Structure formats: structure tokens, C-alpha cells
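Pasting the structure below:
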């Protein structure tokens, strides 16, 4: 038996005991979905129904054994074909459950017939000890995030900061800038898009930015988020939003040129760590493999965690050619001129 055929047979055997069905967003039992996420071993705030509604309003859900496990399926159409792709600014999702055996169905589950309607899948699975990524039938890229356990006392966490981070935090403190909890929901996005003028990698679609800002506002209403800014005179020069779950917190941070000089991001993250030290939670920096960002994350004592981004591509060859060369995007740009 060829390796691919053997792997598919193993996947079918592994999945056979479980009932799987795809449910559209308006048919999902929101209470049961969110309860499954809250109790999951690998819980992340990205997977709650109300958060997904902002990042990908058309998402579907894969239900395993009557909500014993769930898997968000962020949807997108590619020239008439159904696809699953990670939403902007969401680094990883996956199968969520309080049973390791169900989590371990990743990524075998991508071979299940229930997902055959999706001609293109580009999906990242949140890091977990249960995840088996030895899957040669898929195109797998390992991505990187950094995780900081907040379980210890602040003094012990601070000792593990790099010497340069400790120095930058002291420099920030000498500037006498105040870190202000605030309800300015668009602070992060406003600064990010200002920075995008000099760093095109930060450009995000306007509709996404609008929905992200609405998500920040909702998160604060539900006590699922903390939002901080730093002013210099009347200008916001640094901002950080922390999307909080029961076990995992995802940080979004940004500063302008003056904020970078005054080390605002070091101050913002250290302030949050000090406030929440001793809690049994993980602060997830949500990336990155870019060396200077990785060094920044690691400098807080965060531990590198690799997680798989898996691609299953069954698109027609002609559409693949268009996609590989980004021709559709180029055509749209020409038409819009």
C-alpha cells in the first residue's frame, strides 16, 4: 500500500467512531458551542462564536459527537469554489474538546468526506501536545508563536525577561507616561493603519478593520478584553488590546515612531503581565517567524511553540495557476483604476 493510501486508511480508522457534521452559522447552538470552547483543553478566545462572527461572519462549524468537539470553518469563495482559509489576524484555530482523543483527530479530519465540498483548505491548528503533524499527504508548513505562562509570581516572570527588555522597561518608566485603560475601541487599528503607510505588511481590508474594532468593543462589554493606550500630550503613541479567554490571552500591540522611541510596547505588555501574574493562563503573542518580532516576544521569557499550517488543494489546475500568480488580485486592481 502506498504511503498516501495507508495514511488515508489510518485516518478513516481513526475517524470511524465519531459522528461528524457541518452546520451553518445560523444553525449552530451557540450556548453548546461556546461551552465546548470554554471547557476545551486547547481553549482560545479566537474560537468563541461571537469572536468568529466578527473575524469571519460566514463561518460554518464542524460538530463532533453532538458538541463533544467542535472545529470552526472560516469560509471564503474562490471564483465559485468553497474554501476554508484562516481569517486575517487569526493565527490558529483547530479542533476543540476536553478529550485529547478528539483533539488528536487533527489533521486527519481534513481527509473526511464531510469536508470534500471544500476544494481548497488552508488551516492552522493551535499548538497542543495531542496534535500529530506527521501527515505527508498534506502540504505542511510549521509556523511559530510564542507563549508566556502567567502562572508564576510577577517577580519570577520578570527575572526571565531578557536584560535588554528589562532595560527598555526601565527606560519606559523614566518617561513618566501613563498607561490608561480605555474604551477607545479603534485605538489599535487607527495606529496600525497609520503605520501601514511606511510598512505595507500592516495593511488590512477596511471591512476587516471595522469588524475588528466592533469586536474590541464587544469584548470589553463581555469582560473578554482589556484595552490600553498611552498618550503623549493629546496623541495616542501606543496601544494594546488583550483578547482574553479562560486559559489563553492573545495580545495585539502597536506604537507609532515616537512610541517606539519611548518603549511604549515594552511598558504595555509588562503592565499587563504584572496585573495578571499568578493566573493560570497563557499570554499568546500570536507569532512570529520574523526574526526581530520573534526576538521581541522571546525577550519576555515566552517559549517558542511551533504549530502546523496545513494546505489541501483540490482546485482545478487553471484556477491554481491564477491563484499562484495572484492574477485575480492584479485584474481587480487594473479594473479599479
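In this note's numbering, the protein residues as written are 1316 to 1652.
In this text, a Cβ means the ideal position worked out from N, Cα and C, and glycines have one as well.
As the structure is a computational prediction, the values presented were derived from the model and not from experiment.
Query raised in the report: Which class does residue 1451 belong to by DSSP, given the choice of helix, strand or coil?
Result: Any reading at residue 1451 must be qualified, since the residue scores a pLDDT of 48, below 50, and its modelled position is unreliable; the value itself is stated next. Three-state result, residue 1451: coil.
Query - residue 1602: first and last residue of the uninterrupted beta strand (DSSP E) it sits in - result: Element bounds for residue 1602: n/a, residue is neither H nor E.
Query raised in the report: Who are the Cβ neighbours of residue 1334 in its own chain at under 6 Å, not counting the five residues just before and after it?
Result: 1380
Query raised in the report: With a cut-off of 8 Å, do at least 3 Cβ pairs link the region 1379 to 1394 to the region 1502 to 1511?
Result: At 8 Å Cβ cutoff, the stretches do not touch.
Query - Other residues of its chain near residue 1400: CB distance less than 7 Å, five sequence neighbours each side excluded - result: 1389, 1391 and 1437
Query raised in the report: With respect to the alpha helix (DSSP H) encompassing residue 1568, which residues constitute its N-terminal and C-terminal limits?
Result: Careful: residue 1568 lies outside any alpha helix (DSSP H), inside the beta strand (DSSP E) at 1563 to 1570.
Query raised in the report: Can you tell me whether DSSP reads residue 1424 as helix, strand or coil?
Result: Looking at residue 1424 - three-state DSSP - the assignment turns out to be helix.
Query raised in the report: Under 8 Å, do residue 1378 and residue 1362 count as touching if we go by C-beta distance?
Result: Cβ atoms of residue 1378 and residue 1362: not closer than 8 Å.
Query raised in the report: Quick one: is residue 1651 buried, meaning 16 or more other Cβ sit within 10 Å of its Cβ, or exposed?
Result: In this prediction, residue 1651 scores a pLDDT of 37, lower than 50, which makes its location untrustworthy; no coordinate-derived value is stated.
Query raised in the report: When we look at the beta-carbon of residue 1405 and count the other beta-carbons within 10 Å, is it buried (16 or more) or exposed?
Result: buried
Query raised in the report: In the structure shown, what three-state DSSP assignment does residue 1538 receive?
Result: coil
**Report entry** 6 Å CB neighbourhood of residue 1574 in its chain, flanking five on each side removed
**Finding:** Result list for residue 1574: 1552 and 1553, in chain order.
Query raised in the report: Taking the alpha-carbon positions, what's the residue 1569 to residue 1428 distance?
Result: If you take the alpha carbons of residue 1569 and residue 1428, they lie about 42 Å apart.
Query raised in the report: Which partner residues of residue 1337 appear in the DSSP bridge assignment?
Result: 1377
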